[in-house]
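Heads up: the structure comes next, in C-alpha cells.
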Amino acid sequence: MKAERVVIDTNVLISAALIDPSLPALLLAHCLLNHRILLSDATFEEFETRLWRPKFDRYLTVEDRRKTLGGLSKGSTWTDVPADVALRKFSRDPDDDKFVHVALAGGASVLMSGDRDLLDLRMVDGVEIVTPAQAYSRWLAG
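Residue numbers (the numbering used here): 105 to 246.
What follows is the structure in C-alpha cells.
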C-alpha cells in the first residue's frame, strides 16, 4: 500500500477521540502509522476548540485531550495554505472550505469526512472526499 497524504475532518477526529475502539479511531491510528496527515493552523484550531468543549468533560480527561492533541500535532505534516488557495470557495458551508484548502495546498489525495456538505463535493481538483467507511474499504478491507 502506498502512503497517501490525507486530511481528516474535525467530526472524524472528534469521533476517534471519544470512541475507542471505533472505525474513526482505527482509521486515525492507521493514518498516523501509514500515511501523512495534513494539518493547517485553521483545521487544528477547529479540532482543538471543539475537543475542549465542556460537553466532552464526562468522556475525556484533560490528560486524554492533551495526549490526543499532542499525538496528532506531532504525527502530522503542518501545511501552509497560500492566499490564492484560501480564497477559493467549495462547500455550501464556508467553514468546511479550510479542509479542502489544506488538502489542495498539501497535495492530499484523500479528505476523510462525515460532513454531508463536504461529501457532496465528492472530488475537488484530484482530492477524493470519502466517508470513514469508504476510507476503510480503500486501505484496510480485504
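Positions of the beta carbon are idealized from the N, C-alpha and C atoms, including for glycine.
Since this is a predicted model, take the numbers as computed values, not measurements.
Cβ shell of SER119 (< 7 Å), same chain only, five flanking positions each side left out: SER126 and PRO128
THR165 - DSSP class collapsed to helix/strand/coil: coil
Three-way DSSP call (helix, strand, coil) for ARG220 in this model: helix
Cβ-Cβ distance between ALA212 and VAL231 below 8 Å: yes
Beta carbon of VAL110 nearer than 8 Å to that of PHE203: no
Residues that DSSP places opposite ILE141 in a beta bridge: VAL110 and SER180
Residue interval of the alpha helix (DSSP H) (run including VAL206): 201-210
Assigned secondary structure, LEU215 (DSSP; H/G/I helix, E/B strand, else coil): strand
Alpha carbon of THR181 to alpha carbon of ARG162, nearest angstrom: 30 Å
The region 215-222 touching the region 166-180, judged by at least three CB pairs closer than 8 Å: no
Proximal residues to MET105 (C-beta, below 8 Å), its chain only, five neighbours per side dropped: ASN138 and TRP243
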